[in-house]
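Numbering (UniProt numbering), first residue to last: 1 to 851.
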């Protein structure tokens with residue numbers, strides 16, 4: 001059924017595509033000025049009609065197709081239009097590498113930008129956000145649409161401005177952190193984001209699947225406990241694996257044995273390691289995790305004497321990120337670097353719930369079909385497979401499995417030598433820095449020139465250039481995981497990029513000393529000379545030789561067009577780009593991403609995985625059955641095995657892992673959904689207070705609700721006088737208690753409400769005399785301060801609850817249902833605490849004003 005749908009997807013939109021192309025042909029006759037007016041015309045039509053009007057979509061897409069052609073010289077294929085229509089429908093477009101996803105996103109982004117509510121195009125890293133926004137600025141200059149970009153280096157002052165643009169390019173982490181920061185702001189002018197409207201997520205599987213297990217956290221520092229971490233590290237080094245503790249690599253957990261518990265108690269000289277008053281168990285478990293599960297140059301690197309996390313999916317370093325709950329400090333103690341204070345969670349959100357805040361969401365990637373069920377269940381997005389413009393000619397060769405891991409690496413190195421000798425470009429994907437450096441040293445011994453791309457800081461800046469060169473003749477490239485994802489590998493090289501490099505060198509050598517040009521000016525000049533239509537500002541005022549440079553650039557590009565074309569034909573004869581996988585990943589999707597680097601736009605190519613029985617997937621999830629079968633075959637260590645049985649076992653293992661991690665993400669989502677509804681309630685209350693200049697009504701409401709809540713306790717406790725005195729003390733009222741004791745229930749409530757209002761009016765008059773507007777500032781301050789303080793304490797309680805609620809399953813109780821009930825009670829208690837504390841503080845506040 002799916003195959004039939006994929007086959008018909010080209011024909012499903014046939015009439016719509018014909019209309020887009022027909023209208024685009026008419027727009028070709030428009031001048032640049034008339035084309036710009038299309039934006040205003042479409043904005044007016046949307047106001048009169050609706051963005052869902054298919055005729056408006058056809059007009060917008062046709063306009064965009066013409067703008068893309070004028071700015072880049074590229075004409076969108078029909079399959080790219082299908083991708084754009086899919087995104088516009090709020091679905092995921094699965095498009096193979098090199099099919100032009102970057103341009104596909106611009107069409108629905110343009111259509112939705114016409115509402116002026118703000119469109120976000122979300123990428124996986126700063127480089128892609130900056131690169132794609134530059135291209136978008138060039139294209140949208142024809143349509144009067146403003147493009148913004150936010151990266152790690154964007155200042156807080158500038159962020160608000162960037163979010164106000166029609167379309168904003170941003171990374172997923174920056175978007176999430178800005179959302180949390182906005183909901184911690186103490187003044188409305190500090191809020192950067194607008195209400196979430198429409199987002200297009202590039203590499204949607206990476207963001208919504210791979211990163212969905214890790215919540216975004218804004219943290220403050222808690223008290224540092226250096227001795228605990230260092231002592232726990234020493235204890236962990238004295239404990240023996242399998243005797244004192246067992247390691248479950250599948251769930252990344254450590255369990256102490258009875259022997260291990262006894263040893264810890266003996267070392268610490270305590271009676272019960274699990275005593276609630278003993279802090280040690282958390283530190284010891286984290287120290288053992290750091291020892292067994294977190295490996296240098298795989299999970300982290302040491303940079304500037306600090307532990308820097310390496311993303312397990314992309315192989316990139318995560319600057320500024322820290323593991324929570326003391327794990328980062330345990331790794332710091334293990335590596336004997338400076339132990340920084342443990343983090344206290346101030347605000348957090350999962351990517352699932354962050355992106356569900358959008359009115360409309362869509363995404364694109366080369367690999368999403370294997371996770372389609374998750375996209376439908378959680379995000380309500382279908383995965384639509386978009387046909388390739390040209391038939392994929394890549395050959396995915398059978399896996400080669402070796403008994404010994406080192407023999408596997410020798411076989412890979414020998415394969416690279418063979419490929420280098422014949423000149424065939426080869427890309428080798430590794431799963432860790434350690435592996436990439438091992439292969440690099442083996443290739444160096446074999447005297448095979450190669451490029452190394454991993455998370456080491458010195459390599460990060462070269463990432464895009466290394467990947468751009470990866471398709472050239474006699475080029476061997478080693479890349480950690482999917483480093484370089486988002487950058488096309490073009491066989492024979494990219495003539496435009498090669499020409500840009502040469503003209504940049506020419507400008508620096510010939511003109512830079514005399515004209516003192518900045519890097520930004522040089523970049524602007526290159527953009528100008530690259531543009532077929534010189535629509536950028538007139539450069540003659542900045543640089544007198546721009547016409548001469550345009551002529552030189554055109555000659556250089558002609559030279560590289562010819563050179564790259566010859567090189568590409570030569571490489572295609574050799575079989576195209578050869579991709580080598582060095583280990584099967586936990587997910588088939590990640591393997592497919594690596595394979596997908598080859599066979600771009602109908603090019604020839606091939607992929608093969610070299611595996612060993614000591615690989616992580618075999619070892620953790622494959623079981624002993626595979627090794628038993630291979631040992632029975634009595635095959636020599638140096639001989640690789642190609643077997644249908646092995647391939648089936650591997651696929652089965654990967655499916656098990658995918659199902660296992662899906663359950664983890666699903667459970668995380670179920671738990672976070674509970675706190676998410678509470679988060680929305682708290683954040684809405686904050687926004688209401690922040691945007692309101694007059695919060696007296698809120699204080700009155702809090703006061704009356706507090707009186708009602710405490711009167712309920714008074715009535716339940718058989719009208720215990722002590723409870724009435726608590727109300728009087730809390731509200732700081734000067735009233736006749738004896739008179740009140742004679743009143744009935746209704747009269748007491750009315751009397752207390754009146755006295756509270758009178759007392760508050762007097763306080764307001766007093767403070768207004770001291771300084772006009774002071775009471776309003778005080779109201780806002782106490783409200784925000786107590787909401788933030790209570791919410792942070794509530795997050796800590798919820799995290800503890802989540803940690804311990806799983807034990808309820810042993811009592812035949814549903815942990816999620818129990819979590820919801822407990823969370824509800826905690827939330828009600830928090831709201832009550834906020835109200836009572838705000839009223840107590842504001843009614844008892846005393847201000848001393850210096851005269």
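By construction, the Cβ of each residue, glycine as well, lies at the ideal position given by its N, Cα and C atoms.
By the 16-neighbour rule on beta-carbons within 10 angstroms, residue 693 is exposed. Taken through DSSP and simplified to helix, strand or coil, residue 362 comes out as strand.
Of all C-beta pairs linking the segment 58–66 to the segment 106–115, three or more are shorter than 8 Å, placing the two stretches in contact.
Contact between the segment 387–400 and the segment 606–613 is present, with at least three C-beta pairs closer than 8 Å. When the Cα atoms are used, residue 22 and residue 30 turn out to be separated by approximately 14 Å. In the three-state reduction of the DSSP assignment, residue 347 falls in the strand class. Taking C-beta separations shorter than 6 Å and ignoring five residues to either side along the sequence, the partners of residue 207 in its chain run 172 and 201, following chain order.
The closest CA to that of residue 175, considering only 704, 686, 349 and 565, is found on 349.
Comparing C-alpha distances from residue 331 to each of 425, 299, 369 and 354 shows the shortest one belongs to 299. Boundaries for residue 430: no alpha helix (DSSP H) harbours it, while the beta strand (DSSP E) harbouring it runs 426–430, taken from the DSSP string. Uninterrupted alpha helix (DSSP H) stretches at least 4 residues long and entirely within the segment 200–270 occur at 226–238 and 258–268, given in chain order. Non-local beta-carbon contacts of residue 369 in its own chain, meaning distances under 7 Å to residues more than five positions away in sequence, involve 94, 383 and 385 in chain order. Judged by their CB atoms, residue 101 and residue 364 are nearer to each other than the 8 Å cut-off.
When 353, 352, 293 and 366 are compared, the shortest CA-CA separation from residue 334 is found for 293.
For residue 819 against residue 805, the beta-carbon gap comes to about 5 Å, under 8 Å, which counts as contact. Between residue 182 and residue 192, the C-beta gap is smaller than 8 Å, which places the two residues in contact. For residue 674, the uninterrupted alpha helix (DSSP H) run begins and ends at 644–691, by DSSP.
Residue 450 and residue 478 do touch by the CB rule: their CB atoms are close to 6 Å apart, below 8 Å. Excluding the 5 residues flanking it on each side, residue 305 has same chain C-beta neighbours closer than 6 Å at 337, in chain order.
The bridge partners DSSP lists for residue 306 are 303.
Residue nearest to residue 241 within the set 255, 527, 660 and 230 is 255 (criterion: CA-CA distance).
Annotation for residue 399: no alpha helix (DSSP H) segment contains it, and DSSP assigns it neither H nor E.
In the DSSP assignment, residue 149 falls within the unbroken beta strand (DSSP E) covering 147–150. Counting of Cβ neighbours within 10 angstroms places residue 824 among the exposed residues, the total staying below 16. For residue 379, the three-state secondary structure derived from DSSP is helix. Contact check for residue 705 against residue 735 fails: the beta carbons are separated by 8 Å or more. In summary, residue 681 is exposed, with fewer than 16 beta-carbon neighbours lying within 10 Å of its beta-carbon over all protein chains present. Its chain contains 709 as the residues whose beta carbon lies nearer than 7 Å to that of residue 832, once the 5 sequence neighbours on both sides are disregarded; these appear in chain order. With contact defined as three or more Cβ pairs closer than 8 Å, the segment 114–123 and the segment 162–172 are in contact. Assignment of residue 335 by DSSP, reduced to helix, strand and coil, places it in the coil class. Each residue's CA atom was taken as its position, placing residue 366 and residue 657 some 21 Å apart. DSSP, reduced to helix, strand and coil, places residue 518 outside both helices and strands of the structure shown, so it counts as coil. Apart from the 5 residues on each side of it in sequence, residue 614 sits with its Cβ closer than 6 Å to the Cβ of 405 in its chain, given in chain order.
By a beta-carbon distance limit of 8 Å, residue 567 contacts residue 472. Their separation comes to about 7 Å. A Cβ-Cβ contact shorter than 8 Å links residue 116 with residue 166.
Non-local beta-carbon contacts of residue 676 in its own chain, meaning distances under 6 Å to residues more than five positions away in sequence, involve 353 in chain order.
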